[in-house]
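When we follow the numbering used here, the leftmost residue of the sequence shown carries the number 486, and every step to the right adds one.
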Amino acid sequence: VITDNLARFSGQGLSNVEALVQDSRRSISRIEEAVTDLSRNPQRILSGGDGEVRQFDGRARR
């Protein structure tokens, strides 16, 4: 019984665990990138885009 369960885990179960680890690493990498981007330009979260402050020149926009 134990050997059957071990054989089953070492097949499909092990590949599932490997896929989970790979997905977790990708997610952590994306989170790290987002935190780094936010620390470089925190106003981006409020204004969106590049975070540049828009200048008003007084002209009417059409």
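The C-beta atom is built at its ideal place from N, Cα and C for all residues, glycine as well.
Exercise. Note down, in chain order, each residue of its chain lying with its Cβ closer than 8 Å to the Cβ of G498, except the 5 sequence neighbours on either side.
Key: none
- Three-state secondary structure assigned by DSSP to G498: helix
Extent of the continuous alpha helix (DSSP H) run through A489 | The sequence shown places Asp at residue 489, rather than the Ala named in the question. Counting along the chain, the alpha helix (DSSP H) containing D489 begins and ends at I487 to R493.
Review point. For R544, which of helix, strand or coil comes out of DSSP?
Key: coil
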